[in-house]
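Right, one structure below, let's go through it.
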Amino acid sequence: WVQSIWLSFWNWDGIGAATWAGIENYLRVFTDDRLLVALRNGLGFIVFYTAFPLVLGLVIAAVIAARPRRGSGLVRTVLFLPQILPLVAVGVVWRYLYAADGPINQFLTAIGLGDVARAWLGDFTWAYPAVGIIGTWVTTGLCMMLLLAGIQKIDPSLYEAARLDRCGPIRQFWHVTVPGVRAEIVVAVTVTLISALASFDIVYVTTGGGPGDQTIVPGVLIYKLVFTSNEVGLACALATVLSAIILVFVAVIGRVGRRSA
């Protein structure tokens with residue numbers, strides 16, 4: 042990491058002699074439209090990688106904990122499956138599902154919604170949310186498992202007291218379950234937020250950052266700057282800025298988590 046920071050102050054193609062650039066590469070990070078789009082897309086993925094999975098995972102975990110039934114183990118396994126699969130394989134599978142003649146479009150056509158079908162990953166409007174949905178699918182299981190473990194540690198007497206106070210399931214959820222898994226929420230947010238900002242595999246395999254730069258994220262752009270454009274110094278500057286953003290987010294989340302504990 043220290044070497045990457047040092048290289049960020051140089052213009053270097055990775056082969057020849059490097060020339061001093063000072064803060065020029067950092068100025069480009071905050072002024073170059075393509076680099077700004079990559080940072081914005083990475084931040085936008087927080088919605089898909091963190092917000093949606095956290096809400097879905099919390100609801101699913103609460104339902105499983107409140108009404109354990111036969112088959113709940115299978116549900117947990119299916120939801121957690123993306124965590125043990127290589128993300129490259131996940132990207133390949135979803136690229137097939139999203140293909141113009143893939144299962145998703147075939148299903149839409151079969152139910153009379155053929156006009157909605159499209160090449161999802163090649164559509165300038167839908168490519169970004171389509172990739173984001175993959176991120177949601179990948180991280181929902183992790184959030185669910187973390188939060189389910191937290192719910193199972195909550196003292197059952199708290200729920201009993203809430204029921205005696207005539208609290209329904211929704212009030213029990215907000216006043217007992219959510220406060221009881223605060224520490225697990227902090228962990229889930231931290232892990233998924235890092236995954237969102239450092240995303241690479243899924244985007245690279247499914248769209249490569251396209252169409253155009255609609256789905257470009259810092260991880261993919263750093264790769265392209267190094268191996269395609271031979272701008273190692275600029276890539277290191279972008280990587281340093283990305284690392285700083287992640288550290289700031291993690292520090293803020295940790296501080297908020299300690300205050301609410």
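Note that the sequence shown ends on residue 302 in the numbering used here; no numbers are left out.
C-beta: ideal position from N, C-alpha, C; glycine also.
Taking a C-beta distance under 9 Å as the contact criterion, L275 and V70 qualify as a contact pair. Runs of the alpha helix (DSSP H) lying entirely within the region 154–195 and spanning at least 4 residues, in chain order: 168–193.
From the listed residues R159, F214 and V131, the smallest Cα separation to D142 is found for R159. Inclusion of A168 and P252 in the CB contact set at 9 Å is warranted, their separation being smaller than that value. Shown here for F89: same chain residues with a beta carbon closer than 6 Å to its own, the five before and five after excluded, namely G173, G176 and T177 in chain order.
With fewer than 16 other Cβ atoms inside 10 Å of its own Cβ, T269 counts as exposed. Considering only A239, S198 and L189, the residue with the shortest C-alpha distance to S113 is L189. According to DSSP, residue pairing for T60 in a beta bridge involves N52.
In the displayed model, F89 falls within a helix according to three-state DSSP. Counting only residues of its own chain and dropping the five nearest sequence neighbours on each side, L238 has a CB closer than 6 Å to the CB of G83 and I287. Here P94 is buried: its Cβ has 16 or more other Cβ atoms, across all protein chains shown, within 10 Å.
Take the alpha-carbon of K194 and the one of V179: they are about 25 Å apart. For N66, the enclosing alpha helix (DSSP H) has its first and last residue at E65 to T72. By the C-beta criterion, the region 219–226 is judged not to be in contact with the region 125–141, since fewer than 3 inter-stretch pairs fall below 8 Å. Across the structure, F214 and V134 are spaced so that their CA atoms are roughly 36 Å apart. The Cβ atoms of L199 and V227 lie no closer than 9 Å to each other.
Secondary structure note for Q124: it is in no alpha helix (DSSP H), with a DSSP letter that is neither H nor E.
Beyond the five residues adjoining it in sequence on each side, G298 comes within less than 6 Å, by CB distance, of V227 in the same chain, given in chain order.
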